[in-house]
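A.B. asks: Structure incoming, see below.
Residue numbers (the numbering used here): 926 to 1097.
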């Protein structure tokens, strides 16, 4: 079987004007799985980053006046090679979770960005992402109904078998 290739680091956009949040997110990303973090202080900057990079994760500061516009802009972007997940961070502000979900957010987190809840959610998202990438790779390499290798995987297995036969001195 063909072994899965390592997944590239995800691109993450954090939309906030709070330097402490940027530092806390950077620390979490460094500690628990590398990611490329892009900071955006405004909806315009977030939209530019969403069109420039294959962003997989967006975190939006709910206290920003443009927060809802950022969530809606993220949803309006053309689909990237991987699914885009949008989260809203409330900080210490009370938040109407249902209103954010209706606006297009996938999840809402109460509490500080440097909190255990944010760290736990990041780790869960990384696990979900890894599972999704392995599932896509399995689907790309084999027929889901028969389990047989597809053309690409079969060709790779044939090349391996031929190389092994040549090394062992068997005629082809």
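For every residue, glycine included, the Cβ atom is placed at its ideal position computed from N, Cα and C. Just so you know, these numbers come straight off a predicted model, no measurement behind them.
Please report how far the alpha carbon of residue 1051 lies from the alpha carbon of residue 962, in whole angstroms.
C.D. replies: In this structure, the alpha-carbon of residue 1051 lies about 14 Å from that of residue 962.
A.B. asks: Can you check DSSP and say which residues form a bridge with residue 1074?
C.D. replies: 1067
A.B. asks: Taking contact to mean 3 or more Cβ pairs, one atom from each stretch, closer than 8 Å, check whether the region 963 to 978 and the region 1023 to 1032 are in contact.
C.D. replies: Output reads no: the region 1023 to 1032 does not touch the region 963 to 978.
A.B. asks: Let me know the beta strand (DSSP E) ranges lying completely inside the region 949 to 978, each 3 residues or longer, listed in chain order.
C.D. replies: 961 to 965
A.B. asks: Can you check DSSP and say which residues form a bridge with residue 934?
C.D. replies: Bridge partners of residue 934: none, in fact.
A.B. asks: Out of 1079, 1092 and 1055, state which residue places its alpha-carbon closest to the alpha-carbon of residue 933.
C.D. replies: 1055
A.B. asks: Please classify residue 1034: does DSSP put it in a helix, a strand, or coil?
C.D. replies: strand
A.B. asks: To the nearest angstrom, report how far apart residue 1010 and residue 1087 are at their CA atoms.
C.D. replies: 43 Å
A.B. asks: Checking the sheet assignment: what are the DSSP bridge partners for residue 1094?
C.D. replies: DSSP, once it has assigned bridges, lists no residue as partnering residue 1094.
A.B. asks: Quick one: using the 10 Å Cβ neighbour count with 16 as the cut-off for buried, is residue 1014 buried or exposed?
C.D. replies: That one is buried.
A.B. asks: Note down the Cα distance separating residue 969 from residue 956, rounded to an integer number of angstroms.
C.D. replies: 29 Å
A.B. asks: Does the region 981 to 992 come close enough to the region 933 to 945 that 3 or more CB-CB pairs lie under 8 Å?
C.D. replies: yes
A.B. asks: From the beta carbon of residue 1015, is the nearest beta carbon of chain C less than 9 Å away?
C.D. replies: This model lacks chain C altogether, as it is built from one protein chain only.
A.B. asks: Starting from the Cα of residue 1048, find the closest Cα among 991, 953 and 1031 and give me that residue.
C.D. replies: 953
A.B. asks: Checking 9 Å against the spacing of the C-beta atoms, do residue 1016 and residue 943 come in under that value?
C.D. replies: yes
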